[in-house]
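K.L.:
Numbering-wise, this note's numbering comes out as the position in the sequence shown, counting from 1, plus 257. Where a beta carbon is used, it is the ideal one built from N, C-alpha and C, also for glycine.
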Amino acid sequence: MLRICVCVSGGGTNLQAIMDAIDAGTIKNTEIVRVFSNNKNAFALERAQKHGIDALAVSPKDFESRDQFNEAFLAAIDEVEPDLVVLAGFLVVIPAQMIQKYRNRIINIHPSLIPSFCGTGYYGLKVHEAALERGVKVTGATVHFVDEGTDTGPIILQKAVEVLPDDTPKSLQQRVMEEAEWKILPQAINMIANGEISLQ
Ligand code: GRF
Numbered sequence: 258m259l260r261i262c263v264c265v266s267g268g269g270t271n272l273q274a275i276m277d278a279i280d281a282g283t284i285k286n287t288e289i290v291r292v293f294s295n296n297k298n299a300f301a302l303e304r305a306q307k308h309g310i311d312a313l314a315v316s317p318k319d320f321e322s323r324d325q326f327n328e329a330f331l332a333a334i335d336e337v338e339p340d341l342v343v344l345a346g347f348l349v350v351i352p353a354q355m356i357q358k359y360r361n362r363i364i365n366i367h368p369s370l371i372p373s374f375c376g377t378g379y380y381g382l383k384v385h386e387a388a389l390e391r392g393v394k395v396t397g398a399t400v401h402f403v404d405e406g407t408d409t410g411p412i413i414l415q416k417a418v419e420v421l422p423d424d425t426p427k428s429l430q431q432r433v434m435e436e437a438e439w440k441i442l443p444q445a446i447n448m449i450a451n452g453e454i455s456l457q
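#1: DSSP three-state label for His385, please.
#2: Thinking C-alpha only, which one of Val400, Asp408, Val420 and Leu421 is nearest Leu414?
#3: Quick check on the DSSP output: the beta strand (DSSP E) that includes Leu414 runs from which residue to which?
#4: DSSP state of Ser428, grouped into three classes?
#5: Take every Cβ of the segment 266 to 274, pair it with every Cβ of the segment 294 to 307, and state whether three or more of those distances are shorter than 8 Å.
#6: Less than 6 Å between C-beta atoms, sequence neighbours within five positions excluded: which residues of the same chain meet that for Ala329?
#7: Is it the case that the Cβ atoms of Leu389 and Asp424 are separated by a distance below 8 Å?
#8: In whole angstroms, give me the CA-to-CA distance for Arg260 and Pro422.
#9: Grouping DSSP H, G and I as helix and E and B as strand, with all else coil, what is Glu288?
#10: With a Cβ-Cβ cutoff of 8 Å, do Val418 and Glu436 count as a contact?
#11: Which of helix, strand or coil does DSSP assign to Leu348?
#12: Just verifying my parser: in three-state terms, what is the DSSP assignment at Ile310?
#13: CB of Thr425 to nearest heavy atom of the ligand GRF: below 7 Å?
#14: Rounded to whole angstroms, what's the CA-CA distance from Gln325 to Glu405? Just pull it up for me.
#15: Would you say the beta carbon of Leu272 is closer than 7 Å to some non-hydrogen atom of the ligand GRF?
#16: Taking Cβ to Cβ, would you say Gly410 is nearer than 8 Å to Val403?
#17: Should Glu390 be listed as close to the ligand GRF, given that the test is whether its C-beta is under 7 Å from any heavy atom?
#18: Does the Cβ-Cβ distance between Ser369 and Val350 come in under 8 Å?
#19: Using beta-carbon positions only, say whether Tyr380 and Leu348 come within less than 8 Å of one another.
#20: Please check the pair Ile284 and Pro443, which I expect to be a contact at CB under 8 Å, by giving their CB distance rounded to whole angstroms.
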């Protein structure tokens with residue numbers, strides 16, 4: 258059974274997709290042992306609680322320094338001994354010591370086809386604003402392993418989504434979530450849970 262900890266910061270639609278996929282059996286051999294958020298008000302926490310899943314919020318604002326928050330964050334993850342950490346709309350930089358400790362055991366969903374529209378400053382709606390600004394005809398989402406860089410780890414899955422002429426950042430974000438994110442993140446977790454992913 259793959260023990261996963263899902264880290265969230267906002268609405269939690271990707272978390273919901275994971276929970277629904279486990280319930281539907283499209284993700285097998287997997288258990289969410291904790292949902293962690295840096296944001297006490299994240300609706301994602303309510304989604305977890307409604308599903309009977311342990312939900313913990315630790316805010317950087319409650320600490321004197323980022324280092325102290327990072328220590329508390331890592332302790333909250335270690336406590337549940339996850340096999341895999343899933344970043345699902347998580348907006349906190351992962352501390353270096355956590356990346357080392359969980360080498361190739363942290364994955365992230367990014368709302369573009371990496372290497373386009375990624376890296377520092379590209380998150381949430383900003384990704385789709387940049388895609389529309391550039392005038393791309395196709396965008397999508399990427400699931401990748403997390404390394405020390407920003408959106409630079411080995412790519413696991415990608416799914417393309419057409420950009421429509423009348424798209425706004427919001428309409429494009431919604432379609433990328435519906436048609437790509439909510440499909441490939443559960444798919445990647447299922448592949449890892451069933452030994453279908455190997456890193457070269
Ligand atoms: C989405 O745009 C997702 O691509 C990004 O964070 C945003 C919110 O995700 N990773 P969620 O609804 O909190 O899962």
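P.N.:
So, from the data block:
#1: helix
#2: Val400
#3: Ile412 to Glu419
#4: helix
#5: yes
#6: Val315
#7: yes
#8: 42 Å
#9: strand
#10: yes
#11: coil
#12: coil
#13: no
#14: 19 Å
#15: yes
#16: yes
#17: no
#18: no
#19: yes
#20: 5 Å
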